[in-house]
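One structure below.
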Amino acid sequence: MITFSVQFLEGHIIAKINEFKYIIDTGSPMSFGCGTTITIDQKQFPISRTGMGGITIEVLSSLSGLEFDGLIGMDILKNFDIRFTQNEITFSDRLTSRTNSAIKLPIIDAAMDIPIINLNIGQKDRRIVFDTGAKLSYLSDELLTGTSVGEAEDFYPSIGRYKTKVYEVDVIINEKVETLIFGSLPAPLRMLLTMTGTKGIVGSELLKKYSIIYSNSSKMLFLEPANNYEDELD
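Structure representation (structure tokens):
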């Protein structure tokens, strides 16, 4: 098990690992950055210079307005159980919650290793991508009911920066209603939901409410109150 410090900047999780800064992104199937390898908990992984579609870290840094050295995606993250908080990230072979109040959300599927969970929205379970690289969550337009509460700015490498209307949407998590902010995906990106057979994307906003254990070993998300960091290593 190993723990690294984290900065939670503009909705992005940036971990300092071996003197380099990496965005932690469960929504990316591959890792890329400035180096050639990265070592986490005595395991070494190659790092490509470019990501999908030839995207570079320089372009990603420019779009986000943040400085970092690389992005760690699911090709590396799938090898660990991971606990996310706003202050640190822990990698382990096996990490489980010890608190009885933890909410368990099964990882029901994956698309290119990107995890998919069920969230109850509009009184039905919806397949939703769990994407820690998304500073803004998104839903299919038919689930965005009511009046928009404003606009938010976001970006995507293939289309650059954009603005989208955002809505407050009630999500039932373990019989508790959480009100989260969701945006409407720009038309060029709506195919992402079709490709994954999902109705939306839930991003890093969950970290404002919970510490999250993403368990690859048990195919489960554990959501704990944000001030409860107890865990058990088996």
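In case it helps, our numbering puts the sequence shown at residues 26 to 259. Beta carbons are placed, not taken as given, at the ideal position from N, Cα and C, and that holds for glycine.
CA-CA distance, residue 155 and residue 117?
Straight-line Cα distance between these residues: approximately 19 angstroms.
query: Applying the criterion that 16 or more other CB atoms from any shown protein chain within 10 Å of the CB defines a buried residue, is residue 89 buried or exposed?
result: Answer is buried; the Cβ neighbour count reaches 16.
Inset, instruction - Just mark residue 159 as buried or exposed, buried being the case when its beta carbon has 16 or more other beta carbons within 10 Å. - result: buried
### Query
Can you list, in chain order, the residues of its chain whose CB lies under 8 angstroms from that of residue 86, leaving out five sequence neighbours each side?
92, 93
Are the Cβ atoms of residue 141 and residue 223 separated by less than 8 angstroms? yes
Sub-8 angstroms separation of residue 120 and residue 138 beta-carbons: no
(request) Only counting runs of 4 or more residues, tell me where the alpha helix (DSSP H) segments fall wholly within the region 68-93, in order along the chain. (result) 82-89
Practice task
Would you identify the three-state DSSP class for residue 214, choosing helix, strand or coil?
Solution key: helix
Quiz item: Does the region 206-213 come close enough to the region 184-193 to have 3 or more Cβ pairs within less than 8 angstroms?
Solution: yes
Sequence-distant residues of the same chain with beta carbon closer than 7 angstroms to residue 186, five excluded per side:
88, 178, 180
Query raised in the report: What is the residue span of the beta strand (DSSP E) that residue 63 lies within?
Result: 62-65
Check your understanding: Who pairs with residue 157 in a beta bridge, going by DSSP?
Key -> Residue 157 pairs with nothing; no bridge assigned.
| The beta strand (DSSP E) enclosing residue 184, as first and last residue numbers | Note, residue 184: premise wrong, no beta strand (DSSP E); not H, not E.
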